[in-house]
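In what follows, a structure is listed as C-alpha cells, so that the remarks can point back to it.
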Amino acid sequence: MTETVQAEAEQLSERPEKEQENFFLFLLKLAVIVLVFRSFFFSPFNIPSESMLPRLLNGDYLLAAKWPFGYSRYSLPLSVPLIPGRVFASEPEAGDVVIFKAPPGNDIDYIKRVIGLPGDQVQMRGGQLFINGKAIAKKRIEDFIIPITANTRCYFPKYEARNPAGAMECHYPQYRETLPNGRSYNVLDIAETPQDDTQVSVVPEGMMFLMGDNRDNSLDSRFHAIPGQGIGIVPQANLVGKASVMMFSTNGGAEWIKPWTWFTAARWSRIGGTF
Numbered sequence: 163m164t165e166t167v168q169a170e171a172e173q174l175s176e177r178p179e180k181e182q183e184n185f186f187l188f189l190l191k192l193a194v195i196v197l198v199f200r201s202f203f204f205s206p207f208n209i210p211s212e213s214m215l216p217r218l219l220n221g222d223y224l225l226a227a228k229w230p231f232g233y234s235r236y237s238l239p240l241s242v243p244l245i246p247g248r249v250f251a252s253e254p255e256a257g258d259v260v261i262f263k264a265p266p267g268n269d270i271d272y273i274k275r276v277i278g279l280p281g282d283q284v285q286m287r288g289g290q291l292f293i294n295g296k297a298i299a300k301k302r303i304e305d306f307i308i309p310i311t312a313n314t315r316c317y318f319p320k321y322e323a324r325n326p327a328g329a330m331e332c333h334y335p336q337y338r339e340t341l342p343n344g345r346s347y348n349v350l351d352i353a354e355t356p357q358d359d360t361q362v363s364v365v366p367e368g369m370m371f372l373m374g375d376n377r378d379n380s381l382d383s384r385f386h387a388i389p390g391q392g393i394g395i396v397p398q399a400n401l402v403g404k405a406s407v408m409m410f411s412t413n414g415g416a417e418w419i420k421p422w423t424w425f426t427a428a429r430w431s432r433i434g435g436t437f
C-alpha cells in the first residue's frame, strides 16, 4: 500500500514538469512556424508616411508576398545572412508595388512603385513622366479626398475643405497614369517642386527605378542614395516582397484606454483590398 501511494506521488510530481516541457516545446514549434511563414510566404508591413498616396495611407497595414521575386537574406527577419545571393530570382514588372531594403544602410524597409527596369531611360519634365523619351499617359481625374486625422494632414491650406458634416478634408489633384505595359494607377501632383524636372536616368542591369505615387512628397529614385534624403536606383537584390493584400487600416485616432476607439478609428472599407 505504501509503495502504491509513493508511486502515485511521484507521478503527480512529474506531471507539472512534463506539462511545462510540453508548453515550451509548443512555443518553440510556434516560433518556427511563424519564422518560416514570415520568411517564405507573407510578412506584415505598415505604411509610416504619405509617399504612396493615394493608393496607400499612413496607418495602413498590409501583407507582402515573399515568393514573387525569389528569396535572399532580406527575406529573413533582421536580414540574417543565411541565404547566399538570391534564389528563385524573378524580375518585377513595371507598376508593381514592392517592399525593399533601401541602400546604403540596407536595414530599413521602404515601399514604392516600380517605374523603370534595366535599360529604361527615366526622366521627369515639368511633372510629366517620360520613359525612353516618350511621355507616359497622364489624365486628370477627380480629386483625391481624404479626411484630416491624426495620421493624415493637409500639406497646403489651399487644398483644405470642410465637408457637409463639418469635418475637415484634403482635396488633392489626382491623375491616372498608364505605363507602356498597360499598368495604370493613380498619382498625386500637388505642387511645383524640384523633383518635377530631372536628368535622364538609365537603369543599369539588375537595378530598378522606383517612385512614390505622391510625386511631390516622396524621397525616391529621383534623389541620390543618401540616408533620409533619397534611395537612388535600387538593386533588385534588395527586394523583400510584393504588396499583396490590405490587412488593416487605422486613422490614428485609437487610444488604448478607450477600447471603443479601436473600432471607430479603423478604416473598415480599406481592409481586404488587393494590389
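Counting from 163, one number per residue, gives the positions in the sequence shown under the working numbering. C-beta atoms are modelled at their ideal positions from N, C-alpha and C, and glycine is treated no differently.
Assignment of D305 by DSSP, reduced to helix, strand and coil, places it in the strand class.
By the Cβ neighbour-count rule, L190 is exposed, with fewer than 16 other Cβ atoms within 10 Å of its own. In the structure shown, P210 adopts coil according to DSSP, grouped into three states. Pairing V284 with M369, the inter-Cα distance amounts to about 13 Å.
In terms of CA proximity to I303, P335 leads the group P335, N325, D282, A329.
Two segments are said to touch when three or more pairs of C-beta atoms, one from each, lie closer than 8 Å; by this definition the stretch 208-216 does not touch the stretch 292-300. For I433, same chain residues with a beta-carbon under 8 Å away, outside a window of 5 residues either side, are M408, M409, F410, S411 in chain order. Of the candidates F292, V198, Y236, the residue whose Cα lies closest to the Cα of L401 is Y236.
Closest by C-alpha distance to Y272, out of M286, L238, F250, M214, is M214.
Take the alpha-carbon of I395 and the one of E255: they are about 15 Å apart. Here F262 is buried, its C-beta having at least 16 other C-beta atoms within 10 Å.
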